[in-house]
Amino acid sequence: MVTIKAPAKINLALDTLYKRDDNYHEVEMIMTTVDLADYITVTPRNDDKIVIQSNEFTIPLNEKNLAYQAAELFRKHFNIKQGVEIYIKKKIPVAAGLAGGSSNAAATLKALRELFKVDCTMDELAELGARLGSDIPFCVYGGTALATGRGEIIHPIPSPPKCWVILIKPRIGVSTKEIYEALNANEVQHLDIKGMLDCIELQDYQGICNRLGNSLESVTFERYPVVEEIKNKLIQFGADAVLMSGSGPTVFALVRKEYKLRRIINSINGCLREHEVYAVRLIG
Ligand code: ATP
Numbered sequence: 053m054v055t056i057k058a059p060a061k062i063n064l065a066l067d068t069l070y071k072r073d074d075n076y077h078e079v080e081m082i083m084t085t086v087d088l089a090d091y092i093t094v095t096p097r098n099d100d101k102i103v104i105q106s107n108e109f110t111i112p113l114n115e116k117n118l119a120y121q122a123a124e125l126f127r128k129h130f131n132i133k134q135g136v137e138i139y140i141k142k143k144i145p146v147a148a149g150l151a152g153g154s155s156n157a158a159a160t161l162k163a164l165r166e167l168f169k170v171d172c173t174m175d176e177l178a179e180l181g182a183r184l185g186s187d188i189p190f191c192v193y194g195g196t197a198l199a200t201g202r203g204e205i206i207h208p209i210p211s212p213p214k215c216w217v218i219l220i221k222p223r224i225g226v227s228t229k230e231i232y233e234a235l236n237a238n239e240v241q242h243l244d245i246k247g248m249l250d251c252i253e254l255q256d257y258q259g260i261c262n263r264l265g266n267s268l269e270s271v272t273f274e275r276y277p278v279v280e281e282i283k284n285k286l287i288q289f290g291a292d293a294v295l296m297s298g299s300g301p302t303v304f305a306l307v308r309k310e311y312k313l314r315r316i317i318n319s320i321n322g323c324l325r326e327h328e329v330y331a332v333r334l335i336g
């Protein structure tokens with residue numbers, strides 16, 4: 053039996069450059085890891101089946117689950133016949149813009165590598181993951197990275213300075229596909245990705261806060277106004293910087309000082325309590 057932690061990610065920057073001939077958007081994203089995690093436990097079975105179990109009943113417990121697909125691909129690639137049970141202990145909200153499913157798939161690949169003692173590199177796991185979803189290679193490596201291509205080409209970068217991350221997820225799920233389809237590539241205001249990379253390198257927290265940006269925000273805001281309301285409230289409460297993660301609907305706030313964190317959490321408890329709220333550390 054092998055258990056692997058599957059942490060969530062946030063996007064400090066997400067820029068869409070243009071729509072490609074294969075219909076994917078060419079992106080530049082700066083992704084980092086937060087300490088809100090699922091746990092994937094893989095146990096060998098006496099037959100050839102892949103069985104998914106979870107404490108969370110809103111995710112598919114069948115071949116539609118990304119962890120199932122990762123296990124199937126891994127077994128096929130390495131010619132493994134033995135079945136496995138995959139238990140997903142879920143804490144990351146689903147369809148939230150936090151890459152929960154992708155992180156589960158990445159952790160499943162790592163768990164199977166360990167369980168079956170397969171001699172393969174992280175790059176090979178990332179390449180397998182990329183066949184299932186663009187965010188999976190980042191989740192294989194973890195840490196902090198610039199992701200290019202359709203998001204699957206990973207360039208590791210240093211961790212940003214440590215800080216608190218408040219995550220607020222309204223009780224709606226947003227489909228990434230829906231948001232990308234609604235995006236008008238000609239209306240995008242491009243981000244200063246190079247400047248953000250420099251700030252991370254220099255550990256310039258304020259510079260990072262000033263450069264947070266997400267091309268998908270306005271699309272999601274238009275369709276789901278509650279997401280913009282949450283962002284505005286967090287700014288009003290005095291967070292250092294606030295941004296929607298991925299295609300939403302989760303909004304995150306960066307906060308460096310603990311007294312400020314407490315003050316913001318008090319304000320959230322007063323008027324945003326109908327949403328899911330997490331205060332976690334940035335661990336990228
Ligand atoms: P991303 O940020 O990569 O776009 P997300 O956080 O927005 O991902 P997920 O939580 O990965 O979204 O869920 C997206 C969809 O994938 C959901 O509708 C869910 O039913 C399906 N799904 C499949 N497998 C999983 C899994 N292991 N965990 C969560 N969702 C899963």
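Position one of the sequence shown corresponds to residue 53 (this note's numbering), numbered consecutively onward. Here a beta-carbon is modelled for each residue, glycine too, at the ideal position from N, C-alpha and C.
List the DSSP bridge partners of Q258. Here the question's residue 258 lines up with position 206 in the sequence shown. BP columns for Q258 are empty, so no partner.
What three-state label does DSSP hand S299 in the structure shown? Locating residue 299 in the sequence shown gives position 247, counting from the first residue. DSSP places S299 in coil when its eight states are reduced to three.
For A199 and P222, I'd like the C-alpha separation in whole angstroms. Indexing the sequence shown from 1 puts residue 199 at position 147. Indexing the sequence shown from 1 puts residue 222 at position 170. If I take the Cα positions, the gap works out to 27 Å.
According to DSSP, is L334 helix, strand or coil? Here the question's residue 334 lines up with position 282 in the sequence shown. Residue state, collapsed to three classes: strand.
Would M248 be called buried (16 or more neighbouring beta carbons within 10 Å of its own) or exposed? Within the sequence shown, numbered from 1, the residue matching residue 248 stands at position 196. Here M248 is buried: its Cβ has 16 or more other Cβ atoms, across all protein chains shown, within 10 Å.
Roughly how many angstroms separate the alpha carbons of S155 and P277, rounded to a whole number? Here residue 155 corresponds to residue number 103 of the sequence shown, with the count starting at 1. Here residue 277 corresponds to residue number 225 of the sequence shown, with the count starting at 1. CA-to-CA, the gap between S155 and P277 works out to about 28 Å.
Could you tell me which of R97, G322, A89 and T68 sits nearest to V79, measuring between CA atoms? By one-based count along the sequence shown, residue 79 stands at place 27. Checked all of R97, G322, A89 and T68; the closest Cα to V79 is T68.
Report the start-end ranges of each alpha helix (DSSP H) in the stretch 178 to 202 that is 4 residues or longer and not cut off at the edges. Listed in chain order, the complete alpha helix (DSSP H) runs (minimum 4 residues) inside the stretch 178 to 202 are 188 to 193.
How long is the line joining the alpha carbons of A148 and G300, rounded to whole angstroms? Residue mapping note: residue 148 aligns to position 96 of the sequence shown, counting from 1. Residue mapping note: residue 300 aligns to position 248 of the sequence shown, counting from 1. Going by the C-alpha atoms only, they are around 6 Å apart.
With a threshold of 7 Å, establish whether the CB of N22 neighbours any heavy atom of ligand 1. What is shown of the chain runs 53 to 336, which leaves residue 22 out entirely.
Extent of the continuous alpha helix (DSSP H) run through A89: The residue you call residue 89 lines up with position 37 of the sequence shown. Segment H77 to P96 is the beta strand (DSSP E) holding A89; no alpha helix (DSSP H) there.
With distances taken Cα to Cα, identify the nearest neighbour of I320 among I282, E310 and R308. The sequence position of residue 320 within the sequence shown is 268, counting from 1. Here the closest residue by C-alpha is I282.
Distance, Cα to Cα, L286 vs K309? Numbered from its first residue, the sequence shown carries residue 286 at position 234. Numbered from its first residue, the sequence shown carries residue 309 at position 257. L286 and K309: Cα-Cα distance of roughly 15 Å.
Relative to the alpha-carbon of C261, which residue among E230, Q241 and V217 has its alpha-carbon at the smallest distance? Sequence index remark: in the sequence shown, residue 261 carries index 209 (1-based). Comparing Cα-Cα distances from C261 to each of E230, Q241 and V217, the minimum goes to V217.
Find out if the Cβ-Cβ distance for the pair K162, G135 is shorter than 8 Å. Start at 1 with the first residue of the sequence shown, and residue 162 comes out as number 110. Start at 1 with the first residue of the sequence shown, and residue 135 comes out as number 83. Cβ distance not < 8 Å, so K162 and G135 don't count as in contact.
Do V303 and N220 come within 8 Å of each other at the CB atom, strictly closer than that value? For the purposes of this step, residue 220 is taken as the residue at position 168 of the sequence shown. For the purposes of this step, residue 303 is taken as the residue at position 251 of the sequence shown. This sequence places Ile at residue 220; Asn is not what is there. A contact, by the Cβ cut-off of 8 Å.
Cβ-heavy atom distance, V146 to ligand 1, below 7 Å: Along the sequence shown, read from residue 1 onward, the residue named residue 146 stands at position 94. V146: yes, Cβ under 7 Å from ligand 1.
Would you kindly report the start and end of the unbroken alpha helix (DSSP H) that includes L118? Your numbering for residue 118 matches position 66 in the sequence shown. L118 to H129 is the extent of the alpha helix (DSSP H) around L118.
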